[in-house]
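The opening residue of the sequence shown carries number 473 in this note's numbering; numbering runs sequentially from there.
Notes to accompany the following structure.
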Amino acid sequence: MTNTVTGVEVHAANGFLLDQFLQSNSNQRTDDYGGSIENRIRFVTEVVDAVAGAIGAERTSIRISPWSPFQGMRMPDPIPTFSSLIKHLVEHHPRLAYLHVIEPRISAGEDAAPVSANESNAFARDMWSPRPLILAGGFNRQTALSEAEKGEKNVLVAVGRYFTSNPDLPKRWMAEAELTPYDRPTFYTPGPKGYTDWALSEGTK
473 MTNTVTGVEV
483 HAANGFLLDQ
493 FLQSNSNQRT
503 DDYGGSIENR
513 IRFVTEVVDA
523 VAGAIGAERT
533 SIRISPWSPF
543 QGMRMPDPIP
553 TFSSLIKHLV
563 EHHPRLAYLH
573 VIEPRISAGE
583 DAAPVSANES
593 NAFARDMWSP
603 RPLILAGGFN
613 RQTALSEAEK
623 GEKNVLVAVG
633 RYFTSNPDLP
643 KRWMAEAELT
653 PYDRPTFYTP
663 GPKGYTDWAL
673 SEGTK
(Lines of atoms letter the chains of each structure in order from A; the text may use other names.)
(Lines give C-alpha, C1' and ligand atoms only; values in the text may rest on other atoms or scores of the structure.)
Protein backbone atom coordinates (compact mmCIF):
# COMPACT_ATOMS: atom_id res chain seq x y z
CA MET A 473 0.00 0.00 0.00
CA THR A 474 1.28 3.46 -0.87
CA ASN A 475 0.76 6.50 1.29
CA THR A 476 -1.86 7.76 -1.16
CA VAL A 477 -4.09 4.67 -0.89
CA THR A 478 -5.88 4.12 2.40
CA GLY A 479 -7.82 0.98 1.60
CA VAL A 480 -9.58 -1.33 -0.86
CA GLU A 481 -13.31 -1.89 -1.21
CA VAL A 482 -14.04 -5.30 -2.75
CA HIS A 483 -16.91 -4.74 -5.21
CA ALA A 484 -19.24 -7.74 -4.89
CA ALA A 485 -22.40 -5.91 -5.98
CA ASN A 486 -24.53 -4.88 -8.96
CA GLY A 487 -24.08 -7.98 -11.08
CA PHE A 488 -20.35 -7.70 -11.57
CA LEU A 489 -18.12 -10.77 -11.44
CA LEU A 490 -18.09 -11.45 -7.70
CA ASP A 491 -21.85 -10.90 -7.44
CA GLN A 492 -22.36 -13.35 -10.30
CA PHE A 493 -20.68 -16.04 -8.22
CA LEU A 494 -22.93 -15.29 -5.23
CA GLN A 495 -26.25 -15.32 -7.06
CA SER A 496 -27.89 -18.70 -7.66
CA ASN A 497 -29.61 -17.48 -10.84
CA SER A 498 -26.31 -16.57 -12.49
CA ASN A 499 -23.90 -19.10 -10.99
CA GLN A 500 -24.49 -22.35 -12.87
CA ARG A 501 -21.11 -23.88 -12.08
CA THR A 502 -20.85 -27.51 -11.01
CA ASP A 503 -17.41 -27.32 -9.38
CA ASP A 504 -16.33 -26.08 -5.94
CA TYR A 505 -17.50 -22.56 -6.82
CA GLY A 506 -21.13 -23.35 -7.66
CA GLY A 507 -24.20 -25.09 -6.37
CA SER A 508 -24.38 -24.84 -2.59
CA ILE A 509 -24.28 -21.58 -0.67
CA GLU A 510 -20.90 -22.55 0.74
CA ASN A 511 -19.55 -22.97 -2.77
CA ARG A 512 -21.13 -19.82 -4.20
CA ILE A 513 -19.62 -17.57 -1.51
CA ARG A 514 -16.21 -19.24 -1.82
CA PHE A 515 -14.73 -16.99 -4.52
CA VAL A 516 -15.80 -13.81 -2.71
CA THR A 517 -14.40 -14.98 0.61
CA GLU A 518 -11.14 -15.97 -1.06
CA VAL A 519 -10.83 -12.51 -2.60
CA VAL A 520 -11.50 -10.82 0.75
CA ASP A 521 -9.06 -13.21 2.46
CA ALA A 522 -6.37 -12.34 -0.10
CA VAL A 523 -6.88 -8.58 0.08
CA ALA A 524 -7.03 -8.56 3.88
CA GLY A 525 -3.93 -10.74 4.01
CA ALA A 526 -2.04 -8.34 1.77
CA ILE A 527 -3.01 -4.97 3.27
CA GLY A 528 -4.70 -5.78 6.57
CA ALA A 529 -8.37 -6.30 7.41
CA GLU A 530 -8.67 -2.77 8.80
CA ARG A 531 -7.92 -1.44 5.29
CA THR A 532 -10.27 -3.86 3.54
CA SER A 533 -14.02 -3.51 2.99
CA ILE A 534 -16.69 -5.08 0.82
CA ARG A 535 -19.77 -3.85 -1.03
CA ILE A 536 -22.82 -6.07 -1.62
CA SER A 537 -26.29 -5.64 -3.16
CA PRO A 538 -28.47 -8.52 -1.94
CA TRP A 539 -31.69 -7.27 -3.56
CA SER A 540 -30.57 -5.62 -6.79
CA PRO A 541 -31.90 -7.05 -10.09
CA PHE A 542 -29.29 -5.11 -12.07
CA GLN A 543 -27.61 -7.09 -14.86
CA GLY A 544 -29.89 -10.07 -14.36
CA MET A 545 -29.21 -10.61 -10.67
CA ARG A 546 -31.67 -10.99 -7.76
CA MET A 547 -32.01 -14.62 -6.74
CA PRO A 548 -35.41 -15.63 -5.28
CA ASP A 549 -34.24 -15.40 -1.66
CA PRO A 550 -30.88 -13.67 -1.15
CA ILE A 551 -30.93 -13.71 2.66
CA PRO A 552 -29.46 -17.22 3.24
CA THR A 553 -26.56 -16.63 0.84
CA PHE A 554 -25.66 -13.16 2.05
CA SER A 555 -26.13 -14.20 5.68
CA SER A 556 -23.56 -16.94 5.15
CA LEU A 557 -21.18 -14.46 3.54
CA ILE A 558 -21.54 -11.98 6.39
CA LYS A 559 -21.13 -14.78 8.94
CA HIS A 560 -17.82 -15.69 7.31
CA LEU A 561 -16.68 -12.07 7.40
CA VAL A 562 -17.60 -11.71 11.07
CA GLU A 563 -15.79 -14.90 12.00
CA HIS A 564 -12.67 -14.45 9.86
CA HIS A 565 -12.35 -10.68 9.46
CA PRO A 566 -14.08 -8.94 12.38
CA ARG A 567 -11.83 -5.90 11.90
CA LEU A 568 -12.84 -5.13 8.31
CA ALA A 569 -13.02 -1.39 7.72
CA TYR A 570 -16.73 -1.59 6.90
CA LEU A 571 -19.53 -3.48 5.19
CA HIS A 572 -21.19 -1.45 2.39
CA VAL A 573 -24.75 -2.55 1.58
CA ILE A 574 -26.97 -1.21 -1.20
CA GLU A 575 -30.59 -0.62 -0.22
CA PRO A 576 -33.34 -2.69 -1.92
CA ARG A 577 -34.90 0.41 -3.48
CA ILE A 578 -31.90 0.89 -5.78
CA SER A 579 -30.80 -1.10 -8.83
CA ALA A 580 -27.27 0.15 -9.56
CA GLY A 581 -27.69 3.80 -10.60
CA GLU A 582 -31.44 3.59 -11.08
CA ASP A 583 -34.36 3.58 -8.67
CA ALA A 584 -35.76 0.06 -8.51
CA ALA A 585 -39.41 -0.90 -8.64
CA PRO A 586 -41.34 -0.60 -5.35
CA VAL A 587 -40.09 -3.15 -2.83
CA SER A 588 -42.03 -5.23 -0.34
CA ALA A 589 -41.59 -5.09 3.42
CA ASN A 590 -39.78 -8.44 3.22
CA GLU A 591 -37.01 -6.92 1.09
CA SER A 592 -34.83 -5.44 3.79
CA ASN A 593 -31.18 -5.27 4.78
CA ALA A 594 -32.11 -5.61 8.46
CA PHE A 595 -30.53 -9.06 8.53
CA ALA A 596 -27.17 -7.65 7.40
CA ARG A 597 -27.46 -4.76 9.81
CA ASP A 598 -28.11 -7.10 12.73
CA MET A 599 -25.39 -9.59 11.84
CA TRP A 600 -22.72 -6.96 11.25
CA SER A 601 -23.45 -4.77 14.28
CA PRO A 602 -21.63 -3.11 16.06
CA ARG A 603 -19.07 -2.91 13.24
CA PRO A 604 -19.03 -0.01 10.74
CA LEU A 605 -21.86 -0.30 8.21
CA ILE A 606 -22.47 1.93 5.19
CA LEU A 607 -25.96 2.06 3.67
CA ALA A 608 -26.30 3.39 0.12
CA GLY A 609 -29.12 3.98 -2.29
CA GLY A 610 -31.74 6.66 -2.77
CA PHE A 611 -31.14 8.63 0.39
CA ASN A 612 -32.37 12.21 0.59
CA ARG A 613 -32.06 14.70 3.41
CA GLN A 614 -35.04 13.38 5.35
CA THR A 615 -34.24 9.68 5.05
CA ALA A 616 -30.59 10.31 5.92
CA LEU A 617 -31.68 12.25 9.01
CA SER A 618 -34.03 9.43 9.94
CA GLU A 619 -31.11 7.02 9.88
CA ALA A 620 -29.02 9.39 12.02
CA GLU A 621 -31.83 9.74 14.54
CA LYS A 622 -31.77 6.00 15.21
CA GLY A 623 -28.59 6.67 17.16
CA GLU A 624 -26.58 3.76 15.78
CA LYS A 625 -23.08 5.19 15.82
CA ASN A 626 -21.73 2.41 13.60
CA VAL A 627 -24.10 3.20 10.70
CA LEU A 628 -23.17 5.68 7.97
CA VAL A 629 -25.20 6.86 4.97
CA ALA A 630 -23.58 7.10 1.53
CA VAL A 631 -24.83 9.57 -1.07
CA GLY A 632 -23.75 9.46 -4.71
CA ARG A 633 -25.98 11.05 -7.32
CA TYR A 634 -26.71 14.31 -5.53
CA PHE A 635 -23.05 14.79 -4.72
CA THR A 636 -22.26 14.98 -8.45
CA SER A 637 -24.28 18.19 -8.81
CA ASN A 638 -23.97 19.53 -5.25
CA PRO A 639 -20.31 19.56 -4.19
CA ASP A 640 -21.35 21.27 -0.94
CA LEU A 641 -24.15 18.77 -0.23
CA PRO A 642 -23.62 18.44 3.56
CA LYS A 643 -23.76 22.23 3.95
CA ARG A 644 -26.88 22.43 1.77
CA TRP A 645 -28.61 19.80 3.86
CA MET A 646 -27.65 21.57 7.07
CA ALA A 647 -28.98 24.87 5.69
CA GLU A 648 -32.01 23.17 4.09
CA ALA A 649 -30.92 24.85 0.86
CA GLU A 650 -32.27 23.93 -2.56
CA LEU A 651 -30.41 21.16 -4.38
CA THR A 652 -29.22 21.33 -7.97
CA PRO A 653 -30.73 18.43 -9.96
CA TYR A 654 -28.14 15.94 -11.14
CA ASP A 655 -27.53 15.35 -14.85
CA ARG A 656 -27.92 11.62 -15.41
CA PRO A 657 -26.63 11.58 -19.04
CA THR A 658 -23.22 12.66 -17.74
CA PHE A 659 -22.93 9.71 -15.35
CA TYR A 660 -20.11 7.30 -16.27
CA THR A 661 -18.75 9.55 -19.01
CA PRO A 662 -15.20 10.90 -19.40
CA GLY A 663 -14.29 14.53 -18.89
CA PRO A 664 -15.21 17.15 -16.31
CA LYS A 665 -18.77 17.87 -17.51
CA GLY A 666 -21.23 16.80 -14.88
CA TYR A 667 -18.51 16.27 -12.28
CA THR A 668 -16.38 19.34 -11.64
CA ASP A 669 -18.40 22.12 -13.28
CA TRP A 670 -21.12 22.58 -10.67
CA ALA A 671 -21.34 25.81 -8.67
CA LEU A 672 -21.52 26.09 -4.90
CA SER A 673 -24.77 27.29 -3.39
CA GLU A 674 -24.85 31.00 -2.58
CA GLY A 675 -26.03 30.11 0.89
CA THR A 676 -23.09 27.81 1.63
CA LYS A 677 -20.12 29.72 0.21
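Here a beta-carbon is modelled for each residue, glycine too, at the ideal position from N, C-alpha and C.
Looking at residue j and residue i, is the spacing between their C-beta atoms short of 7 Å?
{"i": "A484", "j": "I551", "result": "no"}
{"i": "I574", "j": "A608", "result": "yes"}
{"i": "T517", "j": "H560", "result": "yes"}
{"i": "N497", "j": "M547", "result": "yes"}
{"i": "G602", "j": "N626", "result": "For clarity, residue 602 is Pro in the given sequence; the question names Gly instead. Against a cut-off of 7 Å, the Cβ pair of N626 and P602 comes out as a contact."}
Take residue i and list the residues in its own chain whose beta-carbon comes closer than 8 Å to its own, dropping the five residues that flank it on each side.
{"i": "F635", "result": "L641"}
Residues in the same chain with beta-carbon distance under 6 Å from residue i, minus the five sequence neighbours each way, listed in chain order, please.
{"i": "Y570", "result": "S533, P604, I606"}
{"i": "A524", "result": "T532, H565"}
{"i": "N593", "result": "V573"}
{"i": "L490", "result": "A484, V516"}
With residue i as the anchor, note down where its alpha helix (DSSP H) starts and where it stops.
{"i": "T517", "result": "514-527"}
{"i": "T553", "result": "551-564"}
{"i": "G489", "result": "First, the residue type needs correcting, since residue 489 is Leu and not Gly in the sequence shown. From DSSP, the alpha helix (DSSP H) with L489 extends over 489-494."}
Looking at the unbroken beta strand (DSSP E) that takes in residue i, where does it start and where does it end?
{"i": "S533", "result": "532-536"}
{"i": "A484", "result": "480-484"}
{"i": "V573", "result": "570-574"}
Comparing alpha-carbon positions, which option in the options lies nearest residue i?
{"i": "N612", "options": "E624, V629, K625, E621", "result": "V629"}
{"i": "Y667", "options": "L651, A649, S673, R633", "result": "R633"}
{"i": "D521", "options": "E481, W539, T658", "result": "E481"}
{"i": "G507", "options": "T553, F659, A529, T615", "result": "T553"}
Cβ of residue i within 6 Å of any heavy atom in the ligand COA?
{"i": "V631", "result": "Absence of the ligand COA from the depicted structure is noted, as is the absence of any ligand whatsoever, leaving it without description."}
Beta-carbon within less than 7 Å of residue i's beta-carbon, same chain only, minus the 5 sequence neighbours each way: which residues are those?
{"i": "R514", "result": "D504, Y505"}
{"i": "D655", "result": "S637, G666"}
{"i": "E650", "result": "none"}
My parser needs the beta strand (DSSP E) runs of 3 or more residues fully inside the region 576-662; what are they?
605-608, 627-630
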